[in-house]
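Here is the structure we will look at.
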Amino acid sequence: MEGSNTSDQTTQSPKNPYIKTGIDYPTWKLFSTPNTFTITPSTQYSEQRSLIVDKKSLKIKEHAIVVREDAEWTMDIQGLLGILNILGVEHIMVITGREEVCKIPHKLQPRYDQPSVIFELQEVELIPFENQSSPQLEYQLRSIRDGIKKFLEVGFYLSYRLDLTSNTQRRDNFTQPKDGQVQVDLSTIHPYISLDYRYMWNYNLFKQLRSQHIPAYWIVPLVQGYVGHSKINDLELVLIARRRWLMGGTRYNSRGIDEEGNTANCVESEQIIMRHVPQNTHDRIYTYSFSQIRGSIPFFWQQPTGKIEIHRSLESSTNAFTQHAENLMKDYEGNSILMVNLLCKSIKDEEMLTQGLLKLKDQTKDQFEAQNKKIDYEYFDFHYNYCLDRTNVFQSKICFKVFEDLLKQKFSSDNQIGVLLTNMWAFCGDFISKIYAGTHSVLTQVTLKGKENIYDKIDHGVTSVRRFLKQNLSDDFKQECILVLQGQHELCNSIPTNFVESVVIKEIDQFSENQKIILHITTLNCAGKSPEKYQELIPIFKPQFDGVTPIFQGKNKSKMNEWEQILRNAIEAASTNIQDPDERYVWVIAKAMVGCFIGLFVKQKLLSRIKDLKTTKIKTGLGGSAGNKGAVIVRFSLDDTSILLMNCHLMSGKNKGSKRTDELNFIFDNAFKNESKNRVSKCHEQSNLQKFCIENHNMVFIFGDLNYRICLPNDQVRGAIQNKDYPKLKEADELLQAFKQYQNTKELQFQFYRDYDEGEIDFQPTYKYDKKSQKYDTSKKQRVPSWCDRILWKKNNKVTQQVLGCFQDIVFSDHRPVFAQFELYVNKIMSDLTNKMEEKFYENMRFQSLHALGKNRMSNTSSQTNKTNKSEEQKNDDGTDRDPLDNLDEQLSRYSSNTDQRRSENPLIPLIEEGDEEEMDPQMIYGLNIHDKGDMTDKSSSLQSQSDSSQIQQQQNVSELKEDDMAFDDSGSKSMIESNGQQKFQNHSNF
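Throughout, my numbering is defined as the position within the sequence shown, counted from one, plus 81.
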């Protein structure tokens, strides 16, 4: 929790009534033609320009004012929210309904008598770029669109002239001159210059506009949360709660922290009090702002079924916790923060989280003190069971205390200011509770004060409150909508992005850097036993390998935390000579299932590169009902390479190879199936299954007691072991026989044996020994020695096994540990290159309908280009390797040329009529009207009268135009737009 106070002595307030203008109440016309959307201001707005979106290519251009007389339909809209891809179909999202909440004066308002209006979003429209011929697809699209529209009906706010994503202090910082600079003219600063994308819920919907460098004034940022406003005497009260979309899921779907330090349900609550001091012609306004931030406990934990689980080790949360604290200090410009813990000690799960938080605070104390930074901590037992209520009430009390001291005025239930503030915070708590938890605040009715109707005193939109009370969406449904808005839904991919991704996949080595990682795996069937001393396991972790990520797994009946401690002690003892903290191992995660256990250690220096870590378990014992057999799985991404590690314990006994194959297929088919069902959408469930499907991972390692046997008589096996005749034994090994038998089969049930490999075995069978002995089974059963314990990997040219061996001296079990060391080359895609490539994609792409001319020339060029030798494409004239972005130019040319060839068979209706250029004479343009910033009606009539006389001449000239004449001049258009923007706003930027 952090507060910031600011004083603003320059804002002025009018004495006269407020007059509505197009600046704060803007509207636009949306024109739709077969090939384009055109957005044109219908009121006087800050930027009198049009925006044109090509439906076919997603090329987006600014243009002088355009009124499409050839439009199929026209719609009045109140802003653009972005472009969204659903099931492969692009949609444009626009505002069609808004309700005014309040007006707030601020430094960057255009005139002293024009405070900026805050609206609550009431209605949006999602318009597909093209109609669908498939009724089934259209039904799915309509269902998703309706869901998103309903989700956006409640708790979203916007302003055209005030940056709602930033608090008062942050906005003020952007108006202050830097060291050595003169004060900037505030009238030249665009209000969105201070945008904080973390609170902008439609940030990902503007990806296409950002990629194509469309100026920021086209955006209308959406903020989720609450806005309340009231005015009493000379004081104006405003409460703004803004919720981050990063980790912004619903209660049981989003808990804890992510790898970048973002916490779930992170809400910044800003209480603003403005004091109006009368002067001759206007009021001078003094603004006081106090901000607090709330969020989930900042380490890795989850609550998928209502029960709290710390699913990753606290050590693995250190980097994320540190990043979280540093981000807060940076955001609020200080070297210290105060964390207030409101968890209840009498609730076991909450006390577990408290202890974890204290441990992380103590572990990072020295690190922060070395930087002259500090985390202060306070515990406060609020005696309420509902956490969201505790937080809201506590924050309101802190806020009251701050402003009582500041204004030298006591707030209580006996005075009107105290009543208004209390009720404002109560409504805020109710909104945040409904958004995050899906339920109303338990304390709202308790905390509401006063006899008067609070709706008459607090401006927050009466109809919005009614809709808020009626909305009843499930957590899973809202989670689906959030994933779509975040751009994280697997089924929301834009077509150009897919093209870019296809180029990256095809030329992965050119767009990524590879780094060598050493992976060490040890597998041991513990036979229900544990070592008497952890020192017995130290050889497993020696010698130390650079960059090693060791995994220890085992079958045991002991509790997971017992084995966790044994392994921690063993690896700590093996690492005593390591002085560099980055080279020490961190226990990251574990997963247990009755008789199976897997644990993952990672070197500290690699920890920040691990993302999207998940675990699962699959039971195969007793027909899938018992966990004595089955698999436990850990999967994660290391940089941009997905890795899956599976500990298997399969059916025992001779001649059970087909049963073990069935078990493996069952595991492959059901991995992460239950986790995917946490999402309500069947489409997303299927996409999650695909994402986490074992076979869709770049690197897969399967190990454990696979129980494959040697099919020879006992005496022959023991004799071969005595003579070290391992080739004879391997010829009779069930697993090796299956590899050989099915290596060329196309039957899906045997795909495992085609796709996986094993290193050369050069040690004696690992099962079954007399316990604490080097003798094979001497009991009455006289079990045949076999290589039951195996380590396999999915065939991959970036995976090389360096070592495969056995620890013969670890004898507490009737199995022997098997270990393997792998050299992996993981990919890290260079985002700067892919971003440049996406920019080039749009720069090279022309408005598709403009290709209708000059197709013969393009087709000829295409046929010649496609004959170019691939090896020559990758070299410069001097024989050196070419830059990947140079190769991209040719790929884009081929893509564009091939598109032209297909399009020449079915020419499109021209999107912008021939010669539609800003630099051309308006008399040469027909089919649409182009205006300056003046009166559009007068220009329209004069332009129409000129178009008829010029049409014949223009048609005669069309055939003589070259292809380049048909496309916008990128450089000319861009420079013209920039100069225009600089006249209005010196400091506006692309977003």
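Heads up, the beta-carbon is just placed ideally off N, CA and C, and yes, glycines get one too.
Got a sec, what are the start and stop residues for the alpha helix (DSSP H) residue i sits in?
i           : result
residue 558 : 556-567
residue 225 : 216-232
residue 505 : 497-518
residue 820 : 815-822
residue 437 : 429-444
residue 412 : 399-412
Classify residue i as buried or exposed, calling it buried when 16 or more other Cβ atoms lie within 10 Å of its own Cβ.
i           : result
residue 426 : exposed
residue 776 : exposed
residue 258 : exposed
residue 71  : Given a span of 82 to 1072 for the chain in the structure shown, any question on residue 71 remains unanswerable.
residue 437 : buried
residue 451 : exposed
residue 659 : exposed
residue 606 : buried
residue 344 : buried
residue 266 : exposed
residue 223 : exposed
residue 489 : exposed
residue 160 : buried
residue 317 : buried
residue 216 : exposed
residue 461 : exposed
Are residue i and residue j touching if we call contact CB-CB under 8 Å?
i           : j           : result
residue 713 : residue 681 : no
residue 902 : residue 880 : no
residue 108 : residue 158 : yes
residue 661 : residue 908 : no
residue 293 : residue 141 : yes
residue 303 : residue 243 : no
residue 784 : residue 872 : yes
residue 333 : residue 387 : yes
residue 313 : residue 498 : yes
residue 842 : residue 875 : no
residue 644 : residue 394 : no
residue 170 : residue 201 : no
residue 740 : residue 727 : no
residue 787 : residue 729 : yes
residue 270 : residue 189 : yes
residue 236 : residue 307 : yes
residue 651 : residue 615 : yes
Which residue from the options puts its Cα closest to that of residue i?
i           : options            : result
residue 341 : 279, 560, 872, 906 : 279
residue 115 : 131, 130, 151, 381 : 151
residue 892 : 163, 570, 857      : 857
residue 751 : 877, 260, 701      : 701
residue 249 : 697, 352, 851      : 352
residue 779 : 746, 722, 417, 406 : 722
residue 557 : 232, 886, 688, 138 : 232
residue 905 : 869, 813, 598      : 598
residue 827 : 516, 835, 336      : 835
residue 707 : 677, 717, 734      : 677
residue 833 : 743, 799, 806      : 743
Start and end of the beta strand (DSSP E) containing residue i?
i           : result
residue 181 : 170-185
residue 910 : 899-910
residue 808 : Looking at the DSSP string, residue 808 is not in any beta strand (DSSP E); the run it does join, the alpha helix (DSSP H), is 807-812.
residue 317 : 316-324
residue 110 : 109-113
residue 881 : 880-887
residue 673 : 666-674
residue 237 : 237-239
residue 728 : 722-730
residue 740 : Element bounds for residue 740: not the beta strand (DSSP E) but the alpha helix (DSSP H), 738-751.
residue 832 : Premise fails: residue 832 lies in the alpha helix (DSSP H), 832-836, not in any beta strand (DSSP E).
Assuming the contact rule is C-beta atoms closer than 8 Å, residue i and residue j should be a hit. Round their C-beta distance to whole Å, please.
i           : j           : result
residue 560 : residue 331 : 5 Å
residue 566 : residue 283 : 7 Å
residue 848 : residue 866 : 7 Å
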